[in-house]
Amino acid sequence: MGTISLKLQKLGKRKINIIEIEVTNQIDTLRDLLQACVTSEVKKYNKQKTTLNLISFLTPAMMQDQSETGKIGFGDSENTNKADLEKSIETVLQGFADGLFVVFIEDEEIKNLDQKINLSAAAPITFLRLSFLTGTFW
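Position 66 of the sequence shown, counting from 1, maps to 85 under the working numbering, and the rest follow consecutively.
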């Protein structure tokens, strides 16, 4: 099917991350969209874990970019475990059910996992991560 652009945003933050995901199956519902997003990101993550970097070095431009975030590092990770696709899909579906994030397509909130959606090439898709205030009463 191609690629889809997603806008990822945290509530109360101005920064918006835009990512591209690879879509191989037809997307008819929000559940399909979430599964496609997770599948694409797990594939990227697992591919990164298998890539072997023999010599790590930083260019001055890389150090400048990293200094803006407050941490300069080589990007090496001791964790070589790969992500489990089924568990990751289960986690994102549970996160949506628990209200940890909301999804907007063309400024309309999608409230049900099995709600039919119509994705066009120009339709903006936004994932908004919610933050909860501490001290709430149960």
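Backbone N, C-alpha and C fix where the C-beta goes; we use that ideal spot for every residue, glycine too.
It should be emphasised that the depicted structure is a prediction, and the values quoted were computed from it without experimental measurement.
| query | result |
| --- | --- |
| Is Leu124 helix, strand or coil when you go by DSSP? | Here residue 124 is Ile; the residue named in the question, Leu, does not match the sequence. Ile124: strand per DSSP, three-state reduction. |
| From Phe146, Met81, Phe93, pick the residue whose C-alpha is nearest to that of Ile124; which is it? | Phe146 |
| Less than 7 Å between C-beta atoms, sequence neighbours within five positions excluded: which residues of the same chain meet that for Gln134? | Thr48, Leu49 |
| Could you check whether Glu127 and Val121 sit closer than 7 Å to each other, using their CB atoms as the reference points? | no |
| Output the boundary residues of the beta strand (DSSP E) element that contains Ser24. | 21 to 29 |
| Mind checking whether Ala102 and Val57 have CB atoms under 7 Å apart? | no |
| DSSP on Lys62, reduced to helix/strand/coil? | helix |
| Would you report the Cα separation of Lys34 and Asp84, rounded to the nearest angstrom? | 16 Å |
| Which class does Thr110 belong to by DSSP, given the choice of helix, strand or coil? | helix |
| What does the alpha-carbon distance come out to for the pair Leu104 and Leu119? | 20 Å |
| In chain order, what residues of the same chain have a beta carbon less than 7 Å from the beta carbon of Gly21, not counting five sequence neighbours either side? | Val42 |
| On the DSSP bridge list, what partners appear for Arg148? | Lys29, Phe120 |
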